[in-house]
Amino acid sequence: MTTTAAATRTPAAARRTADRTTRALLGALAVAGPLWAAVSLTQAATRDGFDLTRHPLSLLSTGALGWLQITNFVLAGILLVTGATGLRRAIPSRWAPRLVRITGLGMFAAGVLVMDPADGYPIGTPAGMPATMSWHSIGHMVAGSITFTALIAACYVLARHFKAAGARGTALAATLSGTALLLGDAWAMTGGPAGSLTLAAGAITAMCFLTATALHVRR
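Listed below in structure tokens is the structure:
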């Protein structure tokens, strides 16, 4: 009888363990966006010579304190990749977790591959963009493009998922978040005024939507 009771309890215990693991993984996804945004914006506000209307947040990875932003990118990437596993366990969408994982891998690569100093930052750097780009700066640009494309797609895929699930408000938020990053990136790529600011706003909006998604499905 003891063996039977233990066998009866085992599946329930396994489910509870799996649920706790999934919640922990989703917790990593929930932390990624706000942590990345807070560390980035704090540095943007306190670094001498940094101007968010002219300088992308990635430029914070240069200079004496560049290791802070490098670590911020790498940690955010790890949290996103980890959280993608939790998202795969929590929702039936096939592509949303994959796209979140690609976003995380892109963030990690963007942290490791540092862009070149440019446009007066760090202080002492000549104005304008450098005449030539290093291999790691080119790699950073490629990693950033992959990150943003995957993140935009993830928001739109999640919008479709939540709409099918009847969560129309969350679906609308997903669409608006993806569109904010799409427009912010496009404006920056075309050299529009304050393009780095619109890009940062779009990226933070989309990243924080992943936080909202993680908290939503955790419930």
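Each residue of the sequence shown is one higher than the last, beginning at 927 in the working numbering. Backbone N, C-alpha and C fix where the C-beta goes; we use that ideal spot for every residue, glycine too.
- Look at ALA1093 here: in three-state DSSP terms it is coil, with no helix or strand label.
- With 16 or more neighbouring CB atoms inside 10 Å of its own CB, GLY1104 falls in the buried class.
- Assignment of beta-bridge partners to TYR1047 by DSSP yields ALA1044.
- According to the DSSP assignment, ILE1004 belongs to the alpha helix (DSSP H) that extends over 992–1016.
- The closest CA to that of LEU1031, considering only THR1124, ALA970, ALA958, is found on ALA958.
- Across the structure, THR1075 and GLY1110 are spaced so that their CA atoms are roughly 12 Å apart.
- Collapsing the DSSP output to three states places ASP977 in coil.
- Check the Cα spacing between PHE1034 and each of ASP1045, GLY1003, MET1041: the tightest is with GLY1003.
- A check of alpha carbon separations from PHE1088 across ILE1078, ALA1099, ALA1079 identifies ALA1099 as the nearest.
- DSSP, reduced to helix, strand and coil, places ARG1027 within a helical segment of the structure shown.
- In this structure, the beta-carbon distance from SER966 to LEU991 does not fall below 8 Å.
- Taking TYR1047 as the centre and dropping the five residues before and after it, the same chain places the C-beta of GLY975, PHE976, HIS981, LEU985 closer than 6 Å to its C-beta, in chain order.
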